[in-house]
Amino acid sequence: MESTLWISESLAGLLPALWLVGGVGLPWALAATPRRDWRCRSMIAALALALGPAWMAAWMLVLGLLGAQLEQPLLKPAWILPGSLLIAVSGAAIAWRKSAGPAPAHEPAAPLALDEKLIVALIAAAICLRWIHAAFWTFTVYDALWVFGYQGRLFFVEGLIPHSLDYYPPFLSLQFAYIQILIGEINDHAARIILPLLHIGSILAAYLLGRRLLNRRVGLFAAALWSLHPHVGQWSIAGDLEIPLAFSFTLAALFFLRAWRAAAHDGAEARNDALLAGMMLGVALFTKPTAGAFFWGVLLLLAAEALRTRLKLARMRPRLQLALWTILASLPLGAPWYLRNLLLGHEAVTFPKAVWLTRALRSGDYLLPLLLLAILTAIAMLCRKRLGRRDAALTLAGVACLLLSAFTASLALSPSRANPPASYVRAEDALLMLAGLALIVIGLRRRWRGPGRLNPGLAVGGGALLLAGPYYLTWFFAYSYHYRLGFAILPLLCLPLAIALCAIFEPARLRAWRSGWRRLYYAALVLLCMPGLLAVATDARRSKLWLLDETLDSDFKKYQVFNPSLMQVVQGLEEYQRESEIDALVAAPGEERLPFFFPRLAIVDQPLTSLAELEELGATHFVYGAKARDAYERAGIAPAATQWIAALGRSDLVGKTRSHYDATFSYELYQLGDLALRRVPPARDSGEPQDVVFGERIRLYDYSIYPPVIYRDTPITFRASWGALQPLSRDYEFVMRLQRIHAEAPAAEWVLLPAPHRQGHYSTTHWERDEFVNDRQSIRLREGASFRRRQDFIFLLGVRDRATGRYLPLEVDGEPAMTFYRLSGFYEAGA
729 MESTLWISES LAGLLPALWL VGGVGLPWAL AATPRRDWRC RSMIAALALA
779 LGPAWMAAWM LVLGLLGAQL EQPLLKPAWI LPGSLLIAVS GAAIAWRKSA
829 GPAPAHEPAA PLALDEKLIV ALIAAAICLR WIHAAFWTFT VYDALWVFGY
879 QGRLFFVEGL IPHSLDYYPP FLSLQFAYIQ ILIGEINDHA ARIILPLLHI
929 GSILAAYLLG RRLLNRRVGL FAAALWSLHP HVGQWSIAGD LEIPLAFSFT
979 LAALFFLRAW RAAAHDGAEA RNDALLAGMM LGVALFTKPT AGAFFWGVLL
1029 LLAAEALRTR LKLARMRPRL QLALWTILAS LPLGAPWYLR NLLLGHEAVT
1079 FPKAVWLTRA LRSGDYLLPL LLLAILTAIA MLCRKRLGRR DAALTLAGVA
1129 CLLLSAFTAS LALSPSRANP PASYVRAEDA LLMLAGLALI VIGLRRRWRG
1179 PGRLNPGLAV GGGALLLAGP YYLTWFFAYS YHYRLGFAIL PLLCLPLAIA
1229 LCAIFEPARL RAWRSGWRRL YYAALVLLCM PGLLAVATDA RRSKLWLLDE
1279 TLDSDFKKYQ VFNPSLMQVV QGLEEYQRES EIDALVAAPG EERLPFFFPR
1329 LAIVDQPLTS LAELEELGAT HFVYGAKARD AYERAGIAPA ATQWIAALGR
1379 SDLVGKTRSH YDATFSYELY QLGDLALRRV PPARDSGEPQ DVVFGERIRL
1429 YDYSIYPPVI YRDTPITFRA SWGALQPLSR DYEFVMRLQR IHAEAPAAEW
1479 VLLPAPHRQG HYSTTHWERD EFVNDRQSIR LREGASFRRR QDFIFLLGVR
1529 DRATGRYLPL EVDGEPAMTF YRLSGFYEAG A
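For the sequence shown, the positions run 729 to 1559 when my numbering is used.
Structure representation (structure tokens):
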């Protein structure tokens, strides 16, 4: 059945994925880590999930760039597999040499507490559910269709990386291409098998961040906070960069913070961790340029170290060396794509257009993780220490202020994006936040340096916040138009939250609770995790379960769920491709997602303004809609003022075949005829030899009116062929009157604009001297009009300046005539 075909199609990508992680990644995970770390299976698994895709993407990048240079398709299994085998054997050889050393001593782990078992079960359930939905869905989100999914298809079709590509590094695109190249077909479901693998890697990275820096319990809480976040669940299967970026960024932070801590007592261990941090940072830079904010986090840590050591270089030197090792180790994977862009004349890094910076929300609800951290830290301190009545009251008052500000910020509606202010944080929210923080600091001021302080938790949490700080600030002030763009540092923000939660809910404290309170705690833990667990399984309103939606029985319908307008265009082009022997050439200004569905077609996404441009291009189709309007406006062009957009109503040249309108995206698909026909004189239907000229500017070549009997409910079709005798600088309209014979006043009058359509009309200011404008108008009598039977009428036609309301003088066969030209024939009124 077609409704379950996605299962077998997804399984087709399983063997390539196993080779990617187990064949290439696992040997290098063992080779990259010291022998003593092999006992940490979660670390080996995370590194295998990171290094396998990294090595494969690096090898395919070499093949793709070399193929583009040689104009040969080298992205083929015959080249990819031998290279990956050589990489795997090299890693295995290094790991084999390390295995000759003494095995690390086995350290039995303490049994999991009940809440830890619940967390593991919930994370496992979330992974299973997300894996199923990753296989079930196709690529649907904008960026996956525009860049990552499309490039994966393009690399499969072309067998190389075209020189024209720039913008994002192709790390994720190459993963999609790898799966499809090895199975030999374009297959969304198989390609997307990489998404749950990278997501599992991000969960392991969040766990290791707490486990390797503190303890297992902190790691489990950090992994739960990251993986069971509802937004993370929704985007874990999207095919966007944010989850892979969070994976590599978090591993880089983990190894750098480990190296930072080890620098004072074990230089060799610190250097090895710094090199691993650099490798992971290289993967992050190969994924997205925003990973460069990691360098600013390192500088912030160095600044804090400089303050701590009072600028004594000798004491700072070990950590300065770590920073240098990290930067150098990031270059082999992180730098090649940007160097390639420079060599080909592209921008090394293409930053978002300035308009996106103006859309940053900077809303108070984006400060909620920091507010929650302050609240939990204060509560943890209260749980750890007995405070005086006054200090406890101040701390609780501060917590109350932060809770209130968090509540009001989460409920606040974001202002209009059309004219955003400098900041969206409301003044009252900011005052509450500052007051709450001040009260907490005053209440706990005597406890920060006491013998029972939260160390090493405070040091680890503080280091994570310093490393994430520059990224967070940049995102908040410049790129907070979408929450997912902050995912890269979310695991780092989850770490101090997990530390505070573990300090509050210590196992010993939980065991001291009454059984009823413990059951309530476990129930609350499960309930709080359920939205994140089920986020991927339902729509935004939680009104349906995707897997149980019987209407989603084909990939086309799945694409259509999130892209209804676009899929009308796709369907129209697919029908044309099936029925025509000529490949479509599509002009689709601003539409970045269409090439995903037609990677082999020529699609022009630049604004076009004239009929001559379309004729020279040889386009068969034109797509107009919300994205096209944006493209014209970005180019400083008013679309309706261009000749081409004005001509969309010319049914003799252009035909609208599909249209769909919604609140976000609207599309119209036009099929183009032979645009050269606009210069071919029309055949005369009326047979009259009269030469009809209005104001020595506009000539009426031919016309016809149908039907000859006028009914109230039947449209009247008026066809006319016009031409401009000179360039026209005025916009003229046609006035048509229906008049009884021998009567002076018209029985009906219509004002007609040439070739009207949804976007405007073909203004006479666009008419060319050598073209014939064949127009078709449909007119009706006004509602309630009534005429006697068998009464004859005549039609009169005039041309009027729209701005001044003045009629152009009329000449017939070179002789002056009345303002209105009498169209031949008599028309009978029906019942």
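Ideal Cβ positions, reconstructed from N, Cα and C, are used throughout, including at glycine.
Since this is a predicted model, take the numbers as computed values, not measurements.
Selection from the options that minimises the alpha carbon distance to residue i
i, options, result
"N1069", "L893, Q1505 and Y1535", "L893"
"A1315", "P1327, F1324, Q1334 and T978", "Q1334"
"A1560", "G1318, W865 and F1523", "For residue 1560 there is no data in the structure shown, the boundaries of the chain being 729 and 1559."
"A806", "I851, I822 and I911", "I911"
"S1491", "G1377, A1473 and I1170", "G1377"
"L1098", "A1120, D1119, A1134 and S736", "A1134"
"L1172", "S736, E1156 and G1126", "G1126"
"I1331", "G961, T1442, Y1535 and L1345", "L1345"
"W1084", "L1256, H1210 and T1015", "H1210"
"T1018", "G995, F904 and Y1207", "Y1207"
"D1430", "A1391, G1190, V1420 and R945", "V1420"
"D1459", "G1488, D1441, Y896 and A823", "G1488"
"P903", "G947, L742, A760 and T1054", "A quick correction: the sequence has Gln, not Pro, at residue 903. For Q903, the nearest C-alpha among the options comes from L742."
Coarse secondary structure for residue i, derived from DSSP in three states
i, result
"Q1487", "coil"
"P1148", "With a pLDDT of only 42 at P1148, under 50, the local geometry of the prediction cannot be trusted, and the value read off the model is given with reservation. Reduced to three states, the DSSP call for P1148 is coil."
"P1143", "Because P1143 carries a pLDDT of 38, less than 50, the predicted location of this residue cannot be relied on, and the following value inherits that uncertainty. Reduced to three states, the DSSP call for P1143 is coil."
"Y1618", "In the structure as shown, the chain begins at 729 and stops at 1559. Residue 1618 is therefore absent and cannot be evaluated."
"Y1389", "strand"
"P1259", "helix"
"L748", "helix"
"R1181", "Confidence at R1181 is low in this model, with a pLDDT of 45, below 50, so the placement of that residue is unreliable and no value is reported for it."
"L1248", "helix"
"S736", "helix"
"V1297", "helix"
"K826", "helix"
"W859", "helix"
"D1430", "strand"
"A1557", "strand"
"L1072", "coil"
"E1502", "Here residue 1502 turns out to be Asn, not Glu, going by the sequence shown. Correct three-state label for N1502: strand."
"I1232", "helix"
"V1169", "helix"
"D1283", "helix"
"L910", "helix"
Identity of the residues DSSP links to residue i by a beta bridge
i, result
"G1353", "Y1395"
"V1527", "F1462"
"I1507", "I1444"
"E1477", "R1465"
"K1384", "Y1398"
"P1544", "E1539"
"Y1094", "Per DSSP, none; premise fails for Y1094."
"Y1209", "Y1209 is not bridged to any residue."
"I1217", "For I1217, which the question treats as bridged, DSSP gives no partner whatsoever."
Burial state of residue i, where buried means 16 or more other Cβ atoms lie within 10 Å
i, result
"A838", "exposed"
"Y935", "buried"
"F1548", "buried"
"H993", "exposed"
"N1147", "Summary for N1147: the model assigns pLDDT 40, below 50, so the residue's position carries little reliability, and this model does not support an answer."
"L1193", "buried"
"T1532", "exposed"
"I909", "buried"
"R1145", "At R1145, the pLDDT of 40 sits below 50, so the modelled position is not reliable; the number obtained from the coordinates is stated separately. Exposed."
"T1086", "exposed"
"K735", "This sequence places Ile at residue 735; Lys is not what is there. Its Cβ having fewer than 16 others within 10 Å, I735 is exposed."
"A1561", "Nothing can be reported for residue 1561: it is not among the residues displayed for the chain, which extend from 729 to 1559."
"R1407", "exposed"
"Y1094", "buried"
"K1272", "exposed"
Inset, instruction - Would you check if the segment 1233–1246 and the segment 1194–1205 touch, i.e. whether three or more CB-CB distances between them fall below 8 Å? - result: Flag = no, the segment 1194–1205 and the segment 1233–1246 do not touch.
Legend entry - the segment 967–981 touching the segment 922–939, judged by at least three CB pairs closer than 8 Å: Three or more Cβ pairs drawn from the segment 967–981 and the segment 922–939 lie within less than 8 Å of each other, which places the two stretches in contact.
Legend entry - Stretch pair the segment 1020–1037 + the segment 958–968: three plus CB contacts closer than 8 Å: no
Inset, instruction - Say whether the segment 1391–1404 touches the segment 1521–1541, bearing in mind that this needs 3 or more beta-carbon pairs closer than 8 Å, one atom from each stretch. - result: no
Legend entry - Any 3 or more C-beta pairs closer than 8 Å across the segment 918–926 and the segment 732–752: yes
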